[in-house]
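With the working numbering applied, the sequence shown covers 4 to 205.
First the structure, in the form of structure tokens, and then the observations on it.
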Amino acid sequence: MPTTVFDQFTRRTADVTAHLTTLGIPLTAPAASPANPTDPWASSYAVPVDRSTLAWCTAVQMLADHHHTGIDHQVLAADALLRELGIRGLAQLHSDLHHGAPIDYRFTPCPYCSGIGEDPTQPTCEEVGCAPWLEFAGHDHLCPVCRGDDYQPQWFAEEHMTELEQLLADAIEESEERASLRYRIRTRLRRGWRSWTPPAWL
4 MPTTVFDQFT RRTADVTAHL TTLGIPLTAP AASPANPTDP WASSYAVPVD RSTLAWCTAV
64 QMLADHHHTG IDHQVLAADA LLRELGIRGL AQLHSDLHHG APIDYRFTPC PYCSGIGEDP
124 TQPTCEEVGC APWLEFAGHD HLCPVCRGDD YQPQWFAEEH MTELEQLLAD AIEESEERAS
184 LRYRIRTRLR RGWRSWTPPA WL
């Protein structure tokens with residue numbers, strides 16, 4: 004049982020890497036080589052993928068949970084996702100698994116940082132590429148997936164209800180104004196029709 008919020012990230016990585024080791028899957032995606040073209044875990048890309056990172060472990064776990072398979076069936080998919088899109092690919096994957104719907108991380112916990120809003124790997128400014136003057140400013144590194152959205156559904160739900168009530172009141176008021184306008188137009192048209200007299204030549 005994790006004792007701090009950051010222990011869950013260590014545990015997630017440890018569980019996935021232990022499972023990979025048990026199955027004999029290498030922790031680095033090997034590039035395809037002419038010497039062994041039949042290696043089922045080899046990649047056709049020369050860029051290696053570290054399968055022991057939190058991002059990769061999160062991706063493979065998300066894919067396995069969604070497809071109800073073991074993580075060994077999702078290894079190559081996780082490799083491709085991280086190789087092509089990087090950590091931001093987790094946000095795209097999360098949206099894709101929800102049929103392309105945008106994810107509101109104020110109501111849905113981020114799969115990477117679990118809702119804390121900061122990068123759980125606690126990178127250095129040099130690793131992230133921050134401006135040199137920020138290195139000593141003590142700024143936070145926001146989660147690259149949820150961009151630091153504050154996961155507080157209990158607070159945002161109340162705010163959303165207030166917004167929806169206002170939208171409903173505005174819609175009712177607009178509907179009443181339109182109904183009133185239609186009534187006035189109809190009344191004028193009737194009056195005009197009653198006062199109309201046909202010309203003599205008819």
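Glycine included, each C-beta is placed from N, C-alpha and C at the ideal position.
As computed with DSSP, E121 is found in a beta bridge with L145. Looking at the DSSP output, D53 sits in a beta bridge with T31. Counting other Cβ atoms within 10 Å of its Cβ, L85 reaches 16 or more and is therefore classed as buried.
For T56, the closest alpha carbon among the candidates H69, T41, L66 and A81 is that of A81.
Rounded to whole angstroms, the gap between the alpha carbons of R191 and A174 is 26 Å. Nearest to F110 by alpha-carbon distance, out of F9, E162 and E179, is E162. Separation of A134 and Q11 (C-alpha to C-alpha, rounded to the nearest whole angstrom) is 30 Å.
With fewer than 16 other Cβ atoms inside 10 Å of its own Cβ, I188 counts as exposed. In the three-state DSSP reduction, I106 falls in the coil class, being neither helix nor strand. Counting along the chain, no alpha helix (DSSP H) covers F9, and no H or E run does either. Contact between the segment 120 to 127 and the segment 164 to 182 is absent: fewer than 3 CB-CB pairs across the two stretches fall below 8 Å. Taking C-beta separations shorter than 7 Å and ignoring five residues to either side along the sequence, T25 has no partners in its chain.
For A62, the three-state secondary structure derived from DSSP is helix. Straight through space, the alpha carbons of S117 and T13 are spaced by roughly 13 Å. By the C-beta density criterion, G132 is exposed, having fewer than 16 other C-beta atoms within 10 angstroms.
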